[in-house]
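Colleague: Attaching a single structure in structure tokens format; questions to follow.
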């Protein structure tokens with residue numbers, strides 16, 4: 011969750027694109043563990059930006 015929050019704070023609306031590019035680069039490098047990790051971060055990021063704000 012901390013990584014997702016940092017990405018949201020640093021990249022704002024560019025976060026999803028950056029995450030997708032990172033996952034793609036890791037996949038091209040055949041880094042299965044990296045792909046899985048960043049997919050988890052992307053899921054946390056999605057939950058973070060989808061959560062209702064109070």
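Residue numbers (our numbering): 11 to 64. Ideal Cβ positions, reconstructed from N, Cα and C, are used throughout, including at glycine.
1. Just curious, the alpha helix (DSSP H) that residue 26 is in, first and last residue?
2. When we look at the beta-carbon of residue 25 and count the other beta-carbons within 10 Å, is it buried (16 or more) or exposed?
3. At the level of alpha carbons, what is the spacing between residue 21 and residue 42?
4. For residue 61, which of helix, strand or coil comes out of DSSP?
5. Thinking C-beta only, is residue 45 closer than 8 Å to residue 53?
Modeller: Based on what the coordinates show:
1. Note, residue 26: alpha helix (DSSP H), 25-38.
2. Buried, because 16 or more other Cβ atoms sit within 10 Å of the Cβ of residue 25.
3. Going from the Cα of residue 21 to the Cα of residue 42 covers about 24 Å.
4. It is coil, neither helix nor strand.
5. The beta carbons of residue 53 and residue 45 sit no closer together than 8 Å.
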